[in-house]
Amino acid sequence: MAARLQSVRGTHDILPEEARKFRRVVETFRAVAERYAFGEIATPIFEFTEVFSRSLGEATDVVTKEMYTFTDRSGDSITLRPEYTAGIARAFLSNGLQQETPCRFYAWGPMFRHERPQKGRLRQFHQLDVEIIGVAEAQADVELLALAYDLLSELGVADKVTLELNTLGDHESRARYRDALVKYFSAHVSTLSEDSRARLDKNPLRILDSKDAGDRAIINNAPLFTDYLNEASLAFFADVKRGLEALHIPYKVNPRLVRGLDYYTHTAFEFTTEALGAQGTVLAGGRYDGLIEELGGPATPGVGWASGIERLSMLIGDLEPGPRPIAVIPVGAATQEVAHIIAHDARRAGHIVDMSYRGNMGKRLTRANKLRARAAVIVGEDELARGVIVIRDLDAGTQTEVPRDRLVAALDAFR
RNA sequence: GCGGGUGUAGCUCAGUUGGUUAGAGCGCCAGAUUGUGGCUCUGGAGGUCGCCGGUUCGAUCCCGGUCACUCGCCCCA
Numbered sequence: 000m001a002a003r004l005q006s007v008r009g010t011h012d013i014l015p016e017e018a019r020k021f022r023r024v025v026e027t028f029r030a031v032a033e034r035y036a037f038g039e040i041a042t043p044i045f046e047f048t049e050v051f052s053r054s055l056g057e058a059t060d061v062v063t064k065e066m067y068t069f070t071d072r073s074g075d076s077i078t079l080r081p082e083y084t085a086g087i088a089r090a091f092l093s094n095g096l097q098q099e100t101p102c103r104f105y106a107w108g109p110m111f112r113h114e115r116p117q118k119g120r121l122r123q124f125h126q127l128d129v130e131i132i133g134v135a136e137a138q139a140d141v142e143l144l145a146l147a148y149d150l151l152s153e154l155g156v157a158d159k160v161t162l163e164l165n166t167l168g169d170h171e172s173r174a175r176y177r178d179a180l181v182k183y184f185s186a187h188v189s190t191l192s193e194d195s196r197a198r199l200d201k202n203p204l205r206i207l208d209s210k211d212a213g214d215r216a217i218i219n220n221a222p223l224f225t226d227y228l229n230e231a232s233l234a235f236f237a238d239v240k241r242g243l244e245a246l247h248i249p250y251k252v253n254p255r256l257v258r259g260l261d262y263y264t265h266t267a268f269e270f271t272t273e274a275l276g277a278q279g280t281v282l283a284g285g286r287y288d289g290l291i292e293e294l295g296g297p298a299t300p301g302v303g304w305a306s307g308i309e310r311l312s313m314l315i316g317d318l319e320p321g322p323r324p325i326a327v328i329p330v331g332a333a334t335q336e337v338a339h340i341i342a343h344d345a346r347r348a349g350h351i352v353d354m355s356y357r358g359n360m361g362k363r364l365t366r367a368n369k370l371r372a373r374a375a376v377i378v379g380e381d382e383l384a385r386g387v388i389v390i391r392d393l394d395a396g397t398q399t400e401v402p403r404d405r406l407v408a409a410l411d412a413f414r
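Residue 265 in numbering that gives the first Met the number 0 sits at position 266 of the first sequence, and the numbers go up by one each step.
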C-alpha cells in the first residue's frame with residue numbers, strides 16, 4: 000500500500016533555510032531568558048488529558064474542539080499539549096517546587112491544535128514560553144514584559160509590533176463584571192449577532208471584542224470594566240503600567256483585550272502586528288493566579304507568556320548569509336585519502352569544510368560555487384608528489400601552492 | 001467548525017471558448033572546455049494538467065465529490 004506522500008494537514012517540514020531563521024529565534028530567546036536569570040525547563044509534549052481540560056476550562060474552544068486526544072495502550076486519555084502553561088504548572092506540582100518559589104522558567108517546543116490552518120496558524124507549531132511561578136507582585140509582570148520587549152528588539156521586530164495591555168482584575172472583580180455584562184447583554188440578546196449570543200454563555204467578555212457592526216453599537220453602552228475593578232485590582236494594574244513606563248516600554252491600554260482561557264486574572268497582554276494578516280498576535284500572555292489551585296495544588300500566583308516561533312520567523316525577514324565553507328577537491332583516485340585527511344584536519348582547526356563524493360574537478364568546483372565556498376583546496380597527484388597543495392581563491396579566481404604541512408594554517412586567510 | 005479563492009515541470013507562472021505532439025523563464029543534466037567554477041552558446045531530461053467519479057465520440061478545460069494550500073469568520077501563538 001502506497002503511503003500518502005504528504006505531511007498531515009497543518010504540519011510542515013522545516014528545511015535548512017527556514018531552520019536557520021527558526022534557530023535564530025530560539026537562540027535569541029535563550030540568550031535573553033538566561034540574561035533574566037530564568038532556567039530552562041522541558042516538559043513532555045503530552046500529558047494526561049485532565050491537565051489541560053481542568054486548567055484551560057471545559058468550555059473553551061481549545062478543549063472542546065482543538066485538542067489532539069487519544070487513548071494509549073494503557074487505556075489512559077492522553078493529549079498532545081495545546082499550550083505550555085498547564086504542563087509547566089503540573090511539573091511545578093509534580094516536582095514539589097513549591098519549596099523553591101519563586102520559579103522562573105523558560106521553554107520552547109512544539110504545540111498541537113486541531114484548527115483550520117491559515118498563514119501563521121498550524122496544527123503543529125512551536126512556541127517560546129516563559130513563566131514566573133510564586134510571585135504575586137506586579138514587578139513579575141513588568142519583568143516578563145521587559146523580557147518580551149528585549150527579545151522582540153533583539154530580533155529586530157520591536158518596531159513592527161504594539162504592546163496592548165489590559166487587566167481582567169482579580170477573581171472578585173472579574174466575577175462582578177461578568178455578571179454585569181451578562182445582565183446587560185441579555186437585555187439585548189435579540190439584536191446580538193449569532194456569535195455573540197454563543198459567547199454570552201461561554202465567555203461574555205469576548206463580546207466586547209466583537210467585529211460585528213450591530214454588536215458594536217450595543218457594546219458602546221455596555222458597563223465599563225474600570226467601574227467594577229476593586230481597589231486591589233486597580234492598584235495592581237497601576238503598578239504594572241508604572242513599571243513599564245519606568246523602563247520606557249511603550250504600550251497601549253486596550254480595554255477590549257480579553258482572554259479565552261479561564262485561568263487568567265489581572266494582567267493580560269498581547270504584542271500584535273499588522274504584518275501577519277488575521278493572525279496578528281505574535282506574543283501573548285498574562286497572569287494566572289488561579290491556575291495552580293485549579294489543578295489541585297496550593298494557591299500559587301503565576302505569570303507567563305508564549306510566542307509563536309513561526310510567526311516570529313515570518314516577521315524577521317531574510318537572514319544574512321551564513322559563514323562560507325571551504326571545498327576540498329581530490330583530483331584522481333590516488334588523492335582521495337589525502338583529501339579526506341586534509342578535510343579532517345581543517346575541520347578540527349575550526350573550518351567549515353565541504354567534500355563532495357564524486358565528479359571531475361569541473362563538477363566539484365561547480366558544487367563549491369553553489370555552496371558559496373570561499374576557497375577550494377585542490378589535491379592533485381602532481382602537486383602531491385612535490386609535497387604541495389593548491390589553494391584556489393574562488394572569489395579572485397587565483398590560486399597558489401602551499402606546502403602540505405602548512406596548508407591548514409594557510410586556510411586561516413579564508414575564514 | 002463556517003464561508004470565499006486557488007491547484008498545469010523541482011520553483012514561478014502562461015495556455016487550451018472541450019480536439020489528437022501542453023509551453024516559457026529559472027533550476028537540473030550533458031557538451032563546447034576530458035586538472036579548473038562563476039559568464040556565454042548548443043543540446044537534453046523532466047508533466048497521471050492535485051485525486052476520484054460524472055457528462056461527452058473525446059475532459060487538463062464543463063459538473064460533482066475529495067485532498068491540499070490560501071483569504072476571511074470563530075478562536076488563538
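Cβ atoms here follow ideal geometry from the backbone N, Cα and C, with glycine treated the same way. In this text, all values refer to a predicted model and were calculated from it rather than measured experimentally.
Helix, strand or coil at residue i according to DSSP, with G and I counted as helix
{"i": "threonine 334", "result": "helix"}
{"i": "threonine 84", "result": "helix"}
{"i": "threonine 415", "result": "One cannot answer for residue 415 here, as it falls past the ends of the chain, which runs 0 to 414."}
{"i": "methionine 354", "result": "coil"}
{"i": "aspartate 128", "result": "strand"}
{"i": "glycine 379", "result": "strand"}
{"i": "threonine 266", "result": "strand"}
{"i": "phenylalanine 413", "result": "helix"}
{"i": "methionine 0", "result": "With a pLDDT of only 33 at methionine 0, under 50, the local geometry of the prediction cannot be trusted, and no value is derived from it."}
{"i": "valine 141", "result": "helix"}
{"i": "lysine 251", "result": "strand"}
{"i": "threonine 27", "result": "helix"}
{"i": "asparagine 165", "result": "strand"}
{"i": "valine 134", "result": "coil"}
{"i": "phenylalanine 236", "result": "helix"}
{"i": "threonine 48", "result": "helix"}
{"i": "glutamate 400", "result": "strand"}
{"i": "glycine 155", "result": "coil"}
{"i": "isoleucine 390", "result": "strand"}
{"i": "threonine 225", "result": "helix"}
{"i": "leucine 370", "result": "coil"}
Distance, residue j Cα to residue i Cα
{"i": "arginine 363", "j": "glycine 108", "result": "38 Å"}
{"i": "leucine 55", "j": "valine 61", "result": "8 Å"}
{"i": "alanine 375", "j": "tyrosine 262", "result": "60 Å"}
{"i": "alanine 367", "j": "isoleucine 325", "result": "8 Å"}
{"i": "methionine 0", "j": "glutamate 114", "result": "The predicted position of methionine 0 is uncertain, since its pLDDT is 33 and thus under 50; no value can be drawn from it."}
{"i": "histidine 170", "j": "leucine 318", "result": "45 Å"}
{"i": "valine 129", "j": "alanine 409", "result": "46 Å"}
{"i": "arginine 385", "j": "tyrosine 356", "result": "25 Å"}
{"i": "alanine 470", "j": "arginine 112", "result": "The first residue shown for the chain is 0 and the last is 414, placing residue 470 beyond what the model contains."}
{"i": "alanine 412", "j": "glycine 396", "result": "15 Å"}
{"i": "leucine 311", "j": "valine 281", "result": "7 Å"}
{"i": "alanine 85", "j": "histidine 187", "result": "36 Å"}
{"i": "arginine 198", "j": "leucine 204", "result": "8 Å"}
{"i": "leucine 151", "j": "phenylalanine 37", "result": "17 Å"}
{"i": "arginine 80", "j": "valine 387", "result": "59 Å"}
{"i": "isoleucine 87", "j": "tyrosine 67", "result": "18 Å"}
{"i": "asparagine 219", "j": "lysine 210", "result": "13 Å"}
Classification of residue i by the beta-carbon crowding that lies within 10 angstroms, buried from 16 upward
{"i": "leucine 246", "result": "exposed"}
{"i": "valine 7", "result": "exposed"}
{"i": "histidine 350", "result": "buried"}
{"i": "glutamine 298", "result": "In the sequence as presented, glutamine is not what sits at residue 298; that position holds alanine. Answer is exposed; the Cβ neighbour count stays below 16."}
{"i": "alanine 32", "result": "buried"}
{"i": "histidine 125", "result": "buried"}
{"i": "glycine 119", "result": "buried"}
{"i": "threonine 223", "result": "The sequence shown places leucine at residue 223, rather than the threonine named in the question. Classification of leucine 223: exposed, given that the 10 Å Cβ count is below 16."}
{"i": "phenylalanine 28", "result": "buried"}
{"i": "asparagine 202", "result": "buried"}
{"i": "alanine 41", "result": "exposed"}
{"i": "lysine 64", "result": "exposed"}
{"i": "proline 329", "result": "buried"}
{"i": "lysine 20", "result": "buried"}
{"i": "glutamate 39", "result": "exposed"}
Opposing strand residues paired with residue i [DSSP bridges]
{"i": "serine 54", "result": "The partner list for serine 54 (beta bridge, DSSP) is empty, contrary to what the question assumes."}
{"i": "isoleucine 328", "result": "Ile377"}
{"i": "glutamate 39", "result": "Tyr105"}
{"i": "isoleucine 77", "result": "Phe47, Phe69"}
For the structure I just gave you, are there three or more beta carbon pairs, one from the region 295 to 311 and one from the region 179 to 198, closer than 8 Å? Put simply, the region 295 to 311 does not touch the region 179 to 198. Fewer than three CB pairs are less than 8 Å apart.
Tell me whether the region 227 to 239 and the region 157 to 173 touch, counting them as touching only if at least three CB pairs, one residue from each stretch, are closer than 8 Å. The region 227 to 239 vs the region 157 to 173: in contact.
Three-pair Cβ contact test at 8 Å for the region 247 to 258 versus the region 95 to 109: At 8 Å Cβ cutoff, the stretches do not touch.
Under 8 Å, with one C-beta from each stretch per pair, do the region 136 to 148 and the region 237 to 244 reach the 3-pair mark? In short, these stretches touch, since the Cβ pair count reaches three.
Give a yes or no on contact between the region 90 to 98 and the region 281 to 296, applying the rule of three or more CB pairs nearer than 8 Å. With a cut-off of 8 Å, the region 281 to 296 and the region 90 to 98 count as touching, because enough Cβ pairs lie within range.
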